[in-house]
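Mapped onto this note's numbering, the consecutive letters of the sequence shown carry residue numbers 83 to 1017.
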Amino acid sequence: MTDSRDDTLLGSRVSATDRHREAVVVPARGTEIGRFLVTAELGRGAMGSVHVAYDADLDRRVAIKVLYESLGPTAARRRELLGEAQSLARIQHPNVVAVHDVGVWQDHVYLAMEYVEGETLAAWQRARSPSLRALVEVFIAAAEGLAAAHEAGVVHRDFKPSNVLVGPNGRVVVVDFGLAIARGSDEGSAVRRSIAAHAGTPAYMSPEKYAGGALDGRSDQFSFCVALFEAVAGARPFHGDSVAALAAAITGGVPDRARVDAIPRRLRAILLRGLSPSAADRFPAMRSLVAALRGAVRPRWPGRLAVVGTAALAATLGGLAYRGPTPAGRCVPGAAAIEAVWPAHVRAAQLVVSQDAGAAWLAERNDYLRGALDRYLARWAELHDATCVPEGAAADDHLARDRASCLDNRYAAARGLIELLARDGVELTRLDALLAALPDLDECAGDYPGVAMRVPEDPELAREVAVLDEQLVHAGMVRRMQEASASLDALTELRRAAHHTGFAPLELRADLEYIALLGTLGRFTEADALLDDVIARALQLGEDGWSVRAINRALLLMQERKGARLGEVRRWSGIALGLLHRIGDPPNLVGDIHNNTCLLLGDLGQLEAALASCERAEVAYRGWPDMERQAVGARMNRVNPLLVLGRLDEAERVAAETSAAYDAAVGRSHVDAIRAVVYRSMVASRREDRGLALQFAADALARIRAAGMTGSLAMSARLHYAAVAAALGRITEAREVLDEARADPRAAVAAADIAIVAMQVELHAAQPLAALAIGDRALGDPATNPRWTKLQILRGTALLLAHDPAGALAVFDTAQTTAVADLGTIELAGVATIAAIERGDAIEQLKWSTIFATRIIQHGESQAAEIVRAIAHGRTAESIATVRRARDLLAAAAHPNYPWVQIADGWLRRGESSAARIGRTADGAQTPPPATVAQ
């Protein structure tokens, strides 16, 4: 956040509150406002003071604005001010400062907002001297924030460069909405109207604001155009030596002609319209102004390759200009084309950034990025030089034309990525996702027709498709570099343009990029519906390559939203592999389908089938250039199924091989290398070698700490370490690492997983009631919490350990009504059966053991089902004997650490100690027939 004072004012700030300032109450440092503790004052404006505060509940820093004006005694006045504050809180947009809370302190309304790190727009411009396009893009982002506010019914009323912040990651945020009022509301008293009309910054105020008239979003539009005019021309459009003279110039509506001439022609008409003295003559809404600005800076696409020198590149790094290469028209040597986009000074720069990571890790990741781009561009040059059609030669066959177009697209993709990196850098945790956005080069070789985008026959359409395809690649990169929601509007517009061409492959391409974004945003219902349509259209059109990509996206969505069904996984996988066979089995796509099928089958308990799919994925990837990392990843995906199957020697061998391969290929601090070490720890845990498990977990944790790593892997490694340490009785250590996890920026996203491990730690500490309290707080709604079943299992277990089997069974009953038939519900039914044994309830024992047996059979565990079938018998001694025989058979066939063997051992320990009590209950009970048991 910034001080609301503006050093660029031509006159003094006009404020109806100045005469009341001596009576204003401003919170001092250390004041508690609701749950917030004030730690410092940021500044004072016309309507209120702004402070830094600490939110103890969510362990974060916030900014609090406290309005000067008291709510007063009347209910109407209270409703009015609180309603205004609540209208601000309704705005949810990445370019608008988020309002977390609204309340009343000492009869004054306060707003608790996100604390935004960054510099003002004016300071950002002075420090960087950006290109015109980069500058306008920043203003467009601010305009998007204003548009979102207007659509929520809020007018800013004091837009200026000091009320726009640009963060270290490039995020643009409009702040200080303290002067805004809800449109259409009763503006209240005369004092209120006076404040609303006159509070502001004279140089940016609209004519209607000077006149004291009613204001709407077009007043903000005027202020915005003043600020953009100033940023482009270096001076504001209106001048005055005093506030009165400035007001006369603004209301007269005639900008300084010399200053107008300094505005580029393509922006001039837009800004003059936004500066019209009559609001009716301006754009009808901010969205219309945004569209006009986007059109003014829309990139041009020349038809031939221009080798851009380093000076020209440096001039355009601030904004991505699409200078698409056309090597089919002129054979520029690949090395020269590379130098144009990857000059030495850019290559030598530190392009990977992070606020938290250590210097060594940043340097290592930067070397990794440099090497990846070197390899990509070298391969591009090799393919380009081998397939380039010389100047004047005819490229008369479709294959040559498609190859050239494909390579043009890849070159443009690499150039766009490098320009993004040079302009903003890439946040370290997003590096791998960004590199994955580079489209596959070897698809351009032409060995597998139908895999890459084909070229339309019509030359004009071909050029339009080429531009939009490149922009879609760029959109995918931006989605991976920024918060996904920030890409939604741009991608929606791009998808509309792609459909406007009527070229089916491009439409499918745009739809799939949009679906990927919906999945990232968690909008799975919308994504699924659109994906069904895309798959159907692709199949009808005979677009086999795009059909496969759509099916692969469906497999990815199944992983993201959970709850996949075995039938649909097998069906879609089979269709995709059949289509791939029809176009020659391109190994990269074959590998993707097998790899994603492997992961889904593993989640569904089809472990042998999952292993087979992983092995096929590895083989396929090794048949495609530069996919060693994917091949090693497919091999690592075999570890978890091997663990569950009890094939621990094989799991350890595979984990050790993948760990060594990743350390050598991508470095010890790469996320995949650390993940492989975590897998080695998991294998050692299953071997009950907890000392070795802790050693590997400590290795992973040390790599993460040395790197200053945050994100999902860092979270998983910390939670795994805490669980292993707790199992060894190192409770204090486990709790300390859990505290680290809670301090991670990803803690809110991983709240359920943190709670699960915290419960396990407390159960190891023999504190079941503490575990139960954690579970109660984390449980939430089963419809929105994917870890709900696991939390219920642990809650029931805590009750069981607290000697409340009846309470445990009640929890398990609740969980079973909403649970999906997966491996989690097998565990649920198993623990519930133990609770029934502890309670001595033969009917509950029968019910849960039958559910357990059914679930195991559904997952192909027919032999293991003998264990739980035995529990259904009335006589406990016979049940125990049957369980023991089944346990021994299963251990001989699999391994003593096989999960169902371990469950049987647990039953035997509890069953034998409770045999007499359970036997008395079971012998006297009337057992209903199995056919009537509700499933």
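A virtual CB, placed ideally from N, CA and C, is assigned to each residue, including glycine.
The Cβ atoms of H846 and A884 lie no closer than 9 Å to each other.
Scanning the stretch 790 to 867 for uninterrupted beta strand (DSSP E) segments of 3 residues or longer gives nothing; none is fully contained. Straight-line spacing of the CA atoms in R729 and V508 works out to 41 Å.
Distance from the CA of V336 to the CA of L328, rounded to the nearest whole angstrom, comes to 12 Å. Excluding five sequence positions before and after M535, the CB atoms of its chain that fall closer than 6 Å to its own CB belong to D551 and P587, given in chain order.
When secondary structure is reduced to three states using DSSP, M640 falls in the helix class. Taking a contact to require three or more Cβ pairs closer than 8 Å, the stretch 201 to 220 and the stretch 141 to 151 do not qualify as touching. For M195, the enclosing beta strand (DSSP E) covers residues H190 to E196. In this structure the stretch 348 to 366 lies against the stretch 304 to 313, because at least three pairs of beta carbons, one per stretch, are closer than 8 Å. Listed in chain order, the alpha helix (DSSP H) elements of length 4 or more contained wholly in the stretch 615 to 682 are 626 to 643 and 648 to 664. According to the DSSP assignment, S767 belongs to the alpha helix (DSSP H) that extends over V753 to R768.
Taking a C-beta distance under 9 Å as the contact criterion, G684 and N719 qualify as a contact pair. R711 and V144 have their C-alpha atoms spaced approximately 41 Å apart. The bridge partners DSSP lists for W206 come to none. Per DSSP, reduced to three states, the secondary structure at I115 is strand. Separation of N491 and L520 (C-alpha to C-alpha, rounded to the nearest whole angstrom) is 10 Å. Residue burial is scored here from C-beta neighbours: Q553 has at least 16 other C-beta atoms within 10 angstroms and is therefore classed as buried. When C-alpha distances from A830 are compared across H581, D771, A860 and G116, the shortest belongs to A860. Taking a 10 Å sphere around the C-beta of A362, we find fewer than 16 other C-beta atoms and assign the residue as exposed. Here DSSP, grouped into helix, strand and coil, assigns S324 to coil.
Annotated three-state conformation of D456 is helix, per DSSP. For D745, the closest of R757, E734 and R735 by C-alpha to C-alpha distance is R757. Under the three-state reduction of DSSP, S370 is assigned to helix. The alpha-carbon of V736 is positioned some 56 Å away from that of S244.
A straight line joining the alpha-carbon of G705 with that of D524 spans about 12 Å. Of the residues Q432, L725 and A834, the one whose Cα lies closest to the Cα of K872 is A834.
Annotation: A180 to A194 spans about 9 Å, alpha carbon to alpha carbon.
For R143, the enclosing beta strand (DSSP E) starts and ends at R142 to S152. By alpha-carbon distance to I836, the top candidate from H802, T866 and R812 is H802. Apart from sequence neighbours up to five positions away, the residues of its chain that approach I838 with a beta-carbon distance below 7 Å are R869, K872, L873 and L876, ordered along the chain.
The alpha carbon of H676 has as its nearest neighbour, out of Y450, V701 and P176, the alpha carbon of V701.
When DSSP states are grouped into helix, strand and coil, V220 belongs to the helix group. For A234, the closest of D522, F259 and R750 by C-alpha to C-alpha distance is F259. Counting only the Cα atoms, Y703 lies some 5 Å from A713. Annotation: Y292 to S794 spans about 52 Å, alpha carbon to alpha carbon. Here the stretch 596 to 615 lies against the stretch 626 to 639, with 3 or more beta-carbon pairs under 8 Å apart.
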